[in-house]
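Chains as they are written, first to last, in the working numbering: chain A, 1 to 102; chain B, 1001 to 1678; chain C, 2001 to 2461; chain D, 3001 to 3476.
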Amino acid sequence: MATVPAEYALALAAVLFALGLTGVLVRRNMIYVLMSIEVMLNAAGLAFIAAGYRWAEPDGQVMFVFILTLAAAEVSVALAVIFRFFHRTGTLDLDKVGSLKG
Amino acid sequence: MKEFLWLIPALPFAGFLALLLAGRSMPERLSALVGTGAVGLSAIAVLLIGIDFIGSPPPGGFHAQGLWSWVELGWFRADAALRLDALSLTMAAVVTFTAFLILVYSAEFMAGDEGYSRFFAYMDLFVAFMLVLVLADNFLFLYLGWEGVGLCSFLLIGFRYKESHTGYAARKAFIMTRAGDTAFLIGIILLAASFGTLDIQTVMEVGEGAASGQQGAIAALAALSILAGALGKSAQAPLQTWLPDAMAGPTPVSALIHAATMVAAGVYLIARTHALFELAPAVMALIAALGAATLLISGLSALVQSDIKRALAYSTMGQVGFMFLALGAGYWQAAIFHFMTHAFFKALLFLSAGAVITALGGEHDMKRMGGLRKRLPLAFWSFLIGAASLSALPLVTAGYYSKDLILKGALAGSGAFLWGAGITGAFVTALYAFRMVFLVFFGKAGADAARRTGMGIAAPLVLLSALALFSGFIGVPSFLGAVAPPPDTAAQVDTTLAGVLSALVPVLGAAAAYVVFFKRRAWVEGLPEKGFVAGLHAFLRSGWGFDRLYERLFVRPYLLAARAGREDFMDAPYAGAAKAAELLSRLLAKTQSGQVRRMRWMTIGALLALRARSYDAHGRSPSSGVAAWASARLGGPSRVVLPFWRSRSILRSSFPFWTEEIAAADGSLKPILNGCPA
Amino acid sequence: MPGIGVGIHLAVDGLGLALALLTAFLGMAAIAASWTGISERTGFFHLCLMSVIAGVMGAFLALDLLLFYVFWELMLVPMFLMIAVWGHGGRYRAALKFFIFTQAGSLLMLVSILGLYFVHGTETGIYTFDYMELLDTPMGRATEFWLMLGFLAAFAVKLPAVPFHTWLPEAHAEAPTGGSVILAGLLLKTGAYGMIRFLFPLFPNAAEAIAPAVYALAVIGIVYGAVLALGQTDLKRLIAYTSVSHMGFVLLGIFAWEGLALNGALVLMVCHGASTGALFIIAGAIEERAHTREMARMGGFWSSAPKMGGAALFFALASLGLPGLGNFLGEFLVLLGVFGVNPLLAASAALGLVASVIYSLWMVQKVFHGPALPGAAMPDIGGREAATLASMAALVLWLGLYPAPFLDRMGIKGHIGKTASGIETGSAKGTGANGLEAGRLAEHRPDMGDAPERQGGRKEK
Amino acid sequence: MSATDLVAILPMLVLTMAAVAATVLAAFRTSHAFNAALAVSAFALALFSLVPASNAAPRAVTALISVDAYSLLFTGLLLGAAIAVTLFSYGYNEGREGGLAEFYIVLLIATLGAIVLAVSAHVATFFLGLEILGVSLYVLIASDLGERANEASIKYLILAGIASSFLVFGMALVYTELGTMEFSEMARRTGESGAGPLLLAGLAMITVAAGFKLAAAPFHMWAPDVYEGAPAPVGAFLAAVSKGAVAALLLRFFLQTGSLALHPLFIVFGAVAVASMFTGNILALFQTSIKRTLAYSSIAHVGYLLIAFLAGGRAGMVAAGYYLAAYFVSIIGAFGAVTLLSGKDRELDLLDDYRGLAWQRPWLAGAFAAMLLSLAGMPLTAGFLGKFFVAAAGVREALWFFVIAFAINSAIAVYYYLRIITVLFSPSYGEAPGPLPRLPLAGTVALGALTLLLVFLGVYPGPLLALLEEAASAFL
């Protein structure tokens, strides 16, 4: 199996992270924003794997599992909250969240 | 007897305390008794002590009595101490006797006034302070009396406090004299700092011992500041304008304070410190010149006044001007002599004027008086005697002897020019004195005179008349000469002609007054109402426009500054800072729009800013002053080396420049991709 | 807290004693003045009053810098509440302003205290806040200067020195009578006390270095306060500005750092406390009766309230520096002391004496004299007020006429003995009860330049 | 994993078991009082279990957890705060709709997350703790069913999600560079090789995440909205426990790795500290909502706290610890007072609602005022000594710029604290406000205890200082 240099994996992670960030920054739909955050988290997971690979340790992969689990937990709670918002207002537009300010 | 010296000021002060504490509940008669009695007792004490003093002169010609240690702090020491010598004895005698007579007069004059006991309380307090002034042994104690009489003058001018103009006059008097007094205080401090003591006699001795160089300059400076104090108190140019306004007080007050005693305190002060002045001939010349100037200014102003009390006030300024002339010439005995005679005849003039005013129901305007000779014979005769003595009609009046002495001294000590001013002043004095006599007592009858005078008013008038005529024969100059002989200039100048002139001029002045104001009165009344003459009249009448000048020069700018400062411009920076904080707060609050999208952007933006900053701090381009400063402060932590990840170049080329990540965030992946090896 | 070198160290010497006694005296006066003025929540009011007095008292007695700071801060909150709860119309603004000004100053002082603590610790190895230990801390000139500035900031705000005075008129005007008495009588004194006790002994060179600037501020303050006092229409604001003027004298006296001037400043502090306190009591009494502080709506009160008028006149005279009253003596000694340091300065400060006449007399005449306004009749002062005012008058008179016992026991000894003419006497007095100050004052006497040589030779009496 | 290890992590075990137990029991006993009591007793038990745990300390339980004096002390602080919050919540929740049992369960879990942060010695536990805490907070904030709480929750979760991803990505970068995830090992390697760009980048990303959790400027934007929208007791929890746990971890992380000696990071944190102080204080000046004011104030307090971080060393650690403790007491007390006054329908949040409170509820208002004064740093309160120690640490390290900024900001801050106090003490005029709700007993007791503690810490710092010194010796 041809080995992929760790740097490549890291670069890919960076690209993924940037993509996710872009999504977070430009999307207005809450669900998409949430998905973008997931992409960022997974990019980080990938970076961990790449790093673990570089140091020839399993730690990176362990961290990836952690990230996956916690991201799932986060998303489940987030979806519940977002659902209630949708239930209340009928929209998922993030810009509609703004009654608290000053 | 001399050990009871302290009683002299203490008795009037006790009278004041008694009236202060219980005066409100006393009947008028009792108030008058307490007030007058205290001063009377004090006068008796002066008499007894004086007899003792003259009978058995103490060694050195003075008797000192320490009362208590006032301030003692390191090298600085000022005691409350009294000193009796010929000068202070003369002064004390004149003060107590005049005051006693005036108080007796007041007991009737003030009857029915709602502040009756307050009046006597203030008068007693005044006498007490005046005696402290006269008897004080050191400058600080003297200053206590000095300011005390100023205070009483303020209180008594504003005695009828319900009228607002009296308050203004009182305030004006206090403030103007205070300006002089402050200079005096600086002089006192100068003396204390230079000579290490405030004991008057010691200062004089030290001063005499060091006539030249540094000490001489200090003496001159001190003399100058003492002079400033004296000018204020004695209403001499340029601090004279408060005196005419001070006539707002009750007439006995004008008589006692603003004619007989307090106003002459400046003369006493200079006489007391004459040793200091002798070290500074220039200051002496200045005194003489100012005296002569005041004499002429006030004489011409007195000539055109219509208010009888204002005319007398200007005359007081003039007579004190005579005294200053004598002081400037070095003849301080003559000055004190004139002070005494002036005290008597001016008190007499004021009291008789008071009698006239009361008789006319409060009328002050001489133009509305006239022909009162018959109706008020007592007032007429006493006023006439007073005016004669003021004019210094030769031989028969006391004023002649003192004024003659002054004029001779002026010729001898200050030269012909100032003597000329003096003799002119004497002429003008006689002119306005008899103008008053003719306006008030001769000619057509003006307003009706109503009230008869009682014994309380008559007795002091008679006694003062006698004093105004005969006190010239008291040998005050020689008595005072025992303290310090007059300067020897007297022998060098022939004063015979001057003597003849000083006897003639008053008579000429009186005669001129007879012609102008009685015989040819129409001529004066026919003067044009407009044009130069009227302007001159108004100018003289307003006291040469000094009031207006000071108003423009000092009062208005000061008030303007005070009003402008009401809101305290120094608060502006703080108010501005508060405003700025508020503005900033509102501005920042705008960033808290509550919009999640904006929050994300701002958070990321902040992150990028921080990264840019963190790279600057590597020293490549310390763009921030704060960062550079902080790094200098810290002494710089161990310099961070940047060991790039060995042999792998891709991350090195893509990650160190975080701006590229922004590009990535913006969606442009080029830089990173370009950096990848194929 | 011995661990970090904080201890409860209280001590008293002449200076502290004088001010502590003044504190007790004015505390009673303030209570008496609040007897009828405070009708709501009296219990809480007196709690605040007592706390302020406790704070002031503690500040006067503390000899541990941190303890001093704690007391210093302790007076703020209750004073703040007194103004904010029982004050008048603009009380919130005034109270906040008062608090923020003083707090900003005292935080800078805290930083300086800490700086001194570490400088001392680094230099000597002893980390302590104890005043006596810190006295001889060796430090560089620049360090000393910056640390001194922190202290100066706190004290100058409290004093208050121009241009940090602007909290004072508002606080005074809005505070209840008792609060004004305490504020003018005591809180301002803590600033002056701090300068005498801490600023000069701890940072002698730096204090000397900044003295010219402070002189200028002091003289500006004297004149500025006096001029602005005349411009006021609010009686209590007027009195507040007179405080600015008088405290300028105190500041001048302290920074001259000369025996006479210092004692003058001390006498002036005590007398100013009494006389201004009394004026505030009178202003409060008028306000209670006439329901206004606007001078335009006052006039002719003398006919119905002659006793009050007499008292006002007396304290106005004290305020304008009438000889025989303590304020004069204080001002005179300050001027005398300053004259030896800089004659021109003394002369310009003396302008304040003229200006003080203008506002004092105007105040008395405007309020009590003149034609009685309609409805100007009001009850005269009662026995309680009369007794309070009389005791304050007695204090002023006593210090004005026979201050010897006071100066002997509580005066600042030590360095008296140098005048402009270099006369050395009386310096032997610097021991005894005042040993605390004695040595230090002499040691840290600012050099007076060539003045001593200028005039030699003084004839002994 | 030995028995000693288990003893060492006993507090966490207690909380975990309590959470599980409560979940199970919720099926049978749903009484509000029971659930609250369960939570409080779990916290108390955990607190008590610190005693055996401290006997086992110092001990590294695997590479992930380090139980030493430092972490035990902070665990204790967090537990104490949690107890207070629970007590306040009880009165607050009484009579409100919503899942009451769940509230306390999530509170237990959130506290567990906070404690994991405090004991963390490893990147994994750092992330784990942060996520447990964060996810629980989404729930807690949304526990109020109202519109504002919902909105606050959404804001928090989206921004927290971004922060989390930054955190993990940063961690990954650091790991890439250093090859270890243990803090102590990271410190050693950094010392050997210096900081590479990846490390710096990673640390910067971690900084962003931490700054977000701490609500430090410029990552503070969410805080006022969330604090205002969240229920008052949750606000207290956010301001104290959540912030405190992250601060505890960050302090250990930076002290142990020595990262702050890295010049760029020092600059970054310095800038964050100054920005937080100014932003927080200036924005707080004219707020009309008490909770929002407290939120801005807590932003400023992070700035103060960071000065102690910057000073570093033993003194910095002790100062930061004392400051945190004082801040815990004051901010929980302040939020607690708001909680106690909140009725069923509406929280008492507007400044005007408090007008004249001191005359109707003197003791409560007094306690509230004491909390505010402590936040303002007046002597005799814990806040003063906290500020004092921080300033001392700053002066000691000659951080003059920061110390002066600190002083200026403390003076600015006085304004808005006193503004609230003046309102408390102003006479109430106009129509009388409706009758105030009856004070719940549990919360009142908690507030009283906090006030006593406030004064105790303000005048007698000895015991806590001793503990902090001991904690500092754990790794310095």
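C-beta atoms are modelled at their ideal positions from N, C-alpha and C, and glycine is treated no differently.
- Scanning the stretch 2026-2094 of chain C from its first residue to its last, the whole alpha helix (DSSP H) runs of 4-plus residues come out as 2042-2061, 2065-2074 and 2076-2086.
- Chain-order list of chain D residues neighbouring A:Leu-19: empty, with the shortest C-beta distance near 12 Å, by a criterion of under 8 Å.
- Secondary structure remark: continuous alpha helix (DSSP H) runs of at least 4 residues inside the stretch 2129-2208 of chain C, in chain order: 2131-2134, 2141-2158, 2167-2174, 2177-2182 and 2188-2194.
- For the pair D:Met-3371 and D:Leu-3454, the CB atoms are nearer than the 8 Å cut-off.
- Note: C:Glu-2331 is not bridge-paired with any residue in the DSSP secondary-structure output.
- Contact with chain A is found for D:Thr-3176, since one of that chain's Cβ atoms lies less than 8 Å from the residue's Cβ.
- Contact annotation: B:Ala-1179 and B:Gly-1216 have beta-carbon atoms that are not nearer than 8 Å.
- With a beta-carbon spacing of about 7 Å, B:Leu-1469 and B:Ser-1389 fall inside the 8 Å limit used to define contacts.
- Annotation for D:Tyr-3354: Val-3423 and Leu-3424 place their beta carbon closer than 6 Å to its own, counting only its chain and skipping 5 residues before and after.
- For C:Phe-2099, the neighbours in chain D by C-beta distance under 8 Å run, in chain order, Val-3414 and Leu-3418.
- By the neighbour-count definition (other C-beta atoms within 10 Å, threshold 16), D:Val-3445 is an exposed residue.
- C:Met-2410 is positioned such that its CB atom lies no closer than 8 Å to that of C:Leu-2061.
- When secondary structure is reduced to three states using DSSP, B:Gly-1565 falls in the helix class.
- The CB of D:Leu-3265 never comes closer than 7 Å to any CB in chain C; the least such distance is about 25 Å.
- Contacts with chain A at 8 Å (Cβ-Cβ) include D:Glu-3147.
- Between A:Leu-34 and D:Arg-3148, the C-beta gap is not smaller than 8 Å, which leaves the two residues out of contact.
- Taking each of C:Ser-2243, C:Phe-2044, C:Phe-2198 and C:Phe-2339 in turn and checking the Cα distance to C:Leu-2260, the smallest one comes out for C:Phe-2339.
- Put simply, the CB of B:Val-1596 is near chain A, with a gap under 8 Å to one of its CB atoms.
- Counted as a single uninterrupted DSSP element, the beta strand (DSSP E) harbouring B:Asp-1085 occupies residues 1076-1085.
- The beta carbons of B:Ala-1173 and B:Ala-1246 sit closer together than 8 Å.
- In this structure, C:Pro-2323 sits away from B:Glu-1163, with a CB-CB distance that is not shorter than 8 Å.
- Three or more pairs of CB atoms, one per stretch, sit closer than 8 Å, so the stretch 2098-2111 of chain C contacts the stretch 2148-2163 of chain C.
- Residues of the same chain with a CB within less than 7 Å of the CB of D:Phe-3166, apart from the 5 flanking positions on each side, are Met-3205, Val-3208 and Ala-3209 in chain order.
- The three-state reading of DSSP puts C:Gly-2411 in coil, since its state is none of H, G, I, E or B.
- Checking the DSSP bridge columns, you'll see B:Gly-1187 has no partner listed.
- In the DSSP annotation of this structure, the continuous segment of the alpha helix (DSSP H) that includes D:Ala-3358 starts and ends at 3357-3360.
- Annotated three-state conformation of D:Ser-3426 is coil, per DSSP.
- In the DSSP assignment, B:Val-1071 falls within the beta strand (DSSP E) that extends over 1062-1073.
- A Cβ of chain B is located within less than 8 Å of the beta carbon of A:Gly-98.
- Residue state for B:Val-1507 is assigned as helix, using DSSP reduced to three classes.
- A direct Cα-to-Cα measurement between D:Leu-3100 and B:Gln-1592 gives close to 32 Å.
- Separation of the CB atoms of D:Ala-3036 and D:Thr-3075 is rounded to 21 Å, and the pair is thereby denied contact status at 8 Å.
- A Cβ of chain D is located within less than 8 Å of the beta carbon of A:Gly-60.
- According to the DSSP assignment, B:Ile-1357 belongs to no beta strand (DSSP E) but to the alpha helix (DSSP H) extending over 1332-1359.
- Looking only at B:Ala-1170, B:Leu-1089, B:Thr-1036 and B:Ser-1031, the smallest Cα-Cα distance to B:Asp-1113 is reached by B:Ser-1031.
- DSSP places B:Val-1533 inside the alpha helix (DSSP H), whose first and last residues are 1531-1541.
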